[in-house]
Structure formats: C-alpha cells, structure tokens
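K.L.:
For what it's worth, our numbering labels the leading residue of the sequence shown as 305, then goes sequentially. All C-beta atoms, glycine included, are put in the ideal place defined by N, C-alpha and C. From a predicted model like this one, the values you see are computed outputs, not experimental measurements. One structure is given below, represented as structure tokens, and several questions about it will come after.
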Amino acid sequence: MSTFTLRRVSEGLQGAFRRLLDGPVAMKEVSDGLAAGEHGQFAAFVDRAGHLLVRSVVVSGRELVRLELTARDAKYQVADVAADSVVRLSRFALCRSREGRLVLESPLSTLRVLLVDRRARELVAQLGSPVPLRDLAVDGLGPSETAELLGHLVGAGFVDAGTVESGFMRDEDQTLRQWDFHDLLFHSRIRTGRYDAPVGGVFPHTGKIDPQPAVKPLPSGPALALHRPSLEEIAARDPALTAAIEGRRSLRDYGESPLTAAQIGEFLYRTQRVRVHFVPGPGEQPGGEIVGRPYPTGGSAFELELYLTIRRCKGIDPGIYYYDPIGHQLILVNTDTRDRESMLTVAALSTGMEANPDVLITMTSRFQRLSWKYSGIAYATTIRHTGVLYQTMYLVATAMGMAPCGLGIGNADLAARVLGLDYLRESSVGDFILGSRPDGELGIWDSEQGWNYVNDAEWAAWAGSELNGQ
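Here it is in structure tokens:
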C-alpha cells in the first residue's frame, strides 16, 4: 500500500482532502473551496501523489467507471472520439472479476478500470468486434455520454479507435503484432513498474495454508536402485568446464548402442539428487524447510521433480518412472505401453520428428512450493528454474558423452494424466530427451552447412578434440 505523509496542513487543505475521501467529487469543486495560497499546495499534492487518487467518470450523477492508477507515474489523457469513429476492445484488454467488481486491465496500460455501473458493462460487452460509434446503443447513455466514456477508455489504452478508411493504428504496429496477449500480460505482471499487486517473497498464505514439504512424498510402485558414481572416477575423466560449455550441442540422433542404467544413474545423481536437507526447529519460520541440489533456485525452493519415460536403456525396462532424489532410485509409476508411446510421440513432434527419443525426462513443478512464499512471480520463477536445470543437464550430458536436447513444447495435460498428477498442484513445465551419442565428431560446426565461425574458432575445435577423446 502506498502512503504519502503531509505536515503542517492548513484547515482548507484538510477540508479538501476530506472531500476527496467522500468522493467522487469534481476536482474543480474541491479547488473552489481553497484559499488563494492553498491552490498551489493542492496542485503539488495532486502532482506528487496522483497515484493515490481514483478517477471517476460520472454521468447524470451516477458513477459509470472508476480508474485506478497501478503505477506511480501513470497518466492518461481523455481521447477525442470523433462521431465517425469505429471502436473495439483492445486485443490486449482483460476483463475479469476482482474484489467483487468487474474490471478491465491491460499490459499496455498503467491503469485499472472498474466497471461500476451496468451501462459501462453493457458498453464494453458490445466492443468485441469493431463497431461504428453511431451503432452503439446502451439504455441510459446518450451519444455524447457514450463518446465521453469511450474517450476515457481509449485514452487509458483499453479501447482502440479508428475509422473505416484508416483502420486501427495498433494493427500497423509491427512490435505489438509480434506480442501474444498472454506473453505480454505475463511480462507486465512479473516485473515491477506497471502493476500494483505485491511482488516477491511476501508469504501471502502464512498461517492460512500449510507449506508444501521440501521433499515430495514418494509415489507407490516398484523401486529400482540406481548406480551411484564415484567422485574420484568422475574427477579423473571429466572434461574441463569450458570444454563442456563450448562443445555443448543439441543432438537428436543416437548411436547404435543404447544408454546404460549406470549412465542414467550417474546423470541423475549429478543433476537432481538432494545433497543437503534443512528442517527448521520449533518456533522457527514456518516454511523454512529447504534442500540443496546441484543447481541454484530462488529461496532454495527446489520445486522441480523428474519423471523418466524410457524406450531404450540397457539395464532398465521400458516404462515411466519417478526419480527419488533422496533415495537415488527410480520408482515405476506407469507400465501402460500406449501412455509411454504417447509421451514419446509428443517429444518427437517437438523436434519436428527429427528424434525418436530413447529417454524422455519430464520436469514437473510443485507450484505451491513457490506460491506459498512468492506473490506475482511464482510461475515465472519455476520457468527460470526449468531453464537452469536445462543448462545443468546439457553440461552434464555433454561431459558424459551423451546426446542431449531440451524441448520447447510439451503436453501438460497428457503428462498429468500419465503421471497420475493433479494439473493444478503438479504438472509438466519442461522436457528433455537423452540418448547415446552418435558416432562422429562432436563440437564442430560444419562450414559446408553454412556455419561461419565468429570470435575464436579454435575454442570450438579445442572443445571438440577434448570431448571426442572420451
């Protein structure tokens, strides 16, 4: 909540502020009651604390809409909507219920419009497609009143106005045309600046909902203990970090021999195992249970879980498994052949059918592990964590001589059904495929395919020689 402190306030200004609290009231009526020396002080207050004031559009004594500023520097000018205008609701506008009111919001605007009156709601409902201003008909609103209300909505960025001949300016904006509605809305909500909701670690559910445990309870099913790698062995054979970074490639075809159970065990141990576990003592902060894994996360949440759909692996039967990051074992959760093929087919489609994955790793998020603590950024944070885990997997797989590839598309509904998950509690946010590395050079881009080296080609050549020597 924003606050603004005033000192040595005159009686006239105090009366003006009381009138604002009793609003809606016309600003002219407020300023008319001020003494000559108070006008400048009141204007300075409005200029500095304008984000604390709510603007209303009033017709015939009834408030139609209320405009709340969602950023400190938010401003808008009422647009002049000509009689021959064509109007429509912006494709970026969002109409939803908020605190018992129907509101308009938009990632293009730093205001929120509360549709207080029935007439305002009926007007907005007619703007789903372009409509001439003269054709708008709302009982209780005359043409001039309709134009006045639209002037506020156009000026605030919620309604587009144009003409039959010229169309809409936003249709010509190449930058806006390349934004999807949900992407721009998401961007506007996870960064501060144009929205007034709390953001960050504000613990919105403390004392109301129990936090999720740091370690997920294990599903039922047969367990397969995995190979635990030797630190000394890995340290002796691992390439340098720079070799893994420079030689990393997305590979979608595989060698004749499949990966082995020992390789899967080492890979999971190096990327996702729980390394440390902290449980807060009595009286300490609730929700303070955390773990540590090989990659970083915000607040040590580590909400991501791994499920493996295996088509081909020496030592592990085909099936769908959950990875237990504490016991370092695979737990069989689904043996249905059709479910397995469905998961692998979606993964193959994500590669344009270039790959027939040997192993699909599905990353799921236990969302409430984050949203119990974070407001506004919980989902964005789990996506960031997914990217961090992608890179960790890429580097480990490259160091181990495997064929890795992160995927950009997955079917969360299918994954929830196949893995036996509640879509709203835990569902997939990322997918990664693995296989044995094919024969041939690694780390070298083929110049005959059009690749042109930039900035020290010898780095790639050195990385290739390091990795191909494995």
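Between L310, G691, G344 and I737, which has its C-alpha nearest D557's C-alpha?
P.N.:
Counted from its first residue, the sequence shown places residue 557 at position 253. Of the listed residues, the one whose Cα sits closest to D557 is I737.
K.L.:
Kindly indicate which residue of Q672, D336 and Y727 has the alpha-carbon position closest to the one of G591.
P.N.:
As a working note, residue 591 is residue 287 in the sequence shown. Checked all of Q672, D336 and Y727; the closest Cα to G591 is Q672.
K.L.:
Considering just the uninterrupted stretch of the beta strand (DSSP E) at G285, what are its terminal residues?
P.N.:
Nothing can be reported for residue 285, as the shown portion of the chain is limited to 305 through 774.
K.L.:
Would R359 and R376 qualify as a contact pair, given that the criterion is a beta-carbon distance under 9 Å?
P.N.:
As a first step, residue 359 must be located in the sequence shown, where it is residue number 55. As a first step, residue 376 must be located in the sequence shown, where it is residue number 72. It is not a contact, given that the beta carbons lie outside the stated cut-off.
K.L.:
With contact counted as at least three CB pairs below 8 Å, one residue from each stretch, are the segment 649-669 and the segment 508-519 in contact?
P.N.:
Verdict: no, contact absent.
K.L.:
Does the separation of the CB atoms of R541 and Y698 fall below 9 Å?
P.N.:
The residue given as residue 541 occupies position 237 in the sequence shown. The residue given as residue 698 occupies position 394 in the sequence shown. Their beta carbons are not under 9 Å apart, which means R541 does not touch Y698 by this criterion.
K.L.:
Can you tell which of T414, L408 and R416 has its C-alpha closest to the C-alpha of L427?
P.N.:
If you number the sequence shown from 1, residue 427 lands on position 123. The option with the nearest alpha carbon to L427 is L408.
K.L.:
CB L310 to CB V363, shorter than 9 Å?
P.N.:
Working through the sequence shown from its first residue, we reach residue 310 at position 6. Working through the sequence shown from its first residue, we reach residue 363 at position 59. Taking 9 Å as the Cβ cut-off, L310 and V363 do not qualify as a contacting pair.
K.L.:
Figure out for me which residue from S492, G631, M706 and F321 has the closest Cα to the Cα of P742.
P.N.:
As a first step, residue 742 is located in the sequence shown; it is residue number 438 there, counting from the start. Ranking the options by Cα distance to P742, first place goes to M706.
K.L.:
Residue range of the beta strand (DSSP E) that Q633 falls in?
P.N.:
Position 329 of the sequence shown, counted from the first residue, corresponds to residue 633. Where Q633 is concerned, the enclosing beta strand (DSSP E) stretches over Q633 to N638.
K.L.:
Could you pull the start and end residues of the alpha helix (DSSP H) that G768 belongs to?
P.N.:
Position 464 of the sequence shown, counting from 1, holds the residue named residue 768. Element bounds for G768: A761 to N772.
K.L.:
Take every Cβ of the segment 521-536, pair it with every Cβ of the segment 684-702, and state whether three or more of those distances are shorter than 8 Å.
P.N.:
Touching, no, given that fewer than three Cβ pairs across the two stretches are closer than 8 Å.
K.L.:
Return the chain-ordered list of same chain residues with a C-beta closer than 8 Å to the C-beta of L338, the five sequence neighbours on each side being excluded.
P.N.:
What you label residue 338 is simply residue 34 of the sequence shown in a count that begins at 1. Same-chain partners within the cutoff: G316, L317, A320 and F346.
K.L.:
Taking the alpha-carbon positions, what's the R400 to P502 distance?
P.N.:
Within the sequence shown, the letter at position 96 stands for residue 400. Within the sequence shown, the letter at position 198 stands for residue 502. Whole-angstrom Cα-Cα distance: 18 Å.
K.L.:
Just to confirm my understanding: we take G596, look at its own chain, exclude 5 residues before and 5 after, and list those with CB closer than 6 Å. What are they?
P.N.:
In the sequence shown, residue 596 corresponds to position 292, counting from 1. Excluding positions up to five away in sequence, the list reads R579 and V580.
K.L.:
Quick check on DSSP: helix, strand or coil for M706?
P.N.:
The count along the sequence shown starts at 1 and reaches residue 706 at position 402. It is a strand residue.
K.L.:
Would you be able to state if there are at least three C-beta pairs under 8 Å between the segment 455-472 and the segment 385-392?
P.N.:
Touching, yes.
K.L.:
Alpha carbons only, please: which of L453, F396, L415 and R498 is nearest the one belonging to D421?
P.N.:
Within the sequence shown, the letter at position 117 stands for residue 421. The shortest Cα separation from D421 among L453, F396, L415 and R498 belongs to L453.
K.L.:
Per DSSP, E730 forms a beta bridge with which residues?
P.N.:
Start at 1 with the first residue of the sequence shown, and residue 730 comes out as number 426. Answer is R670.
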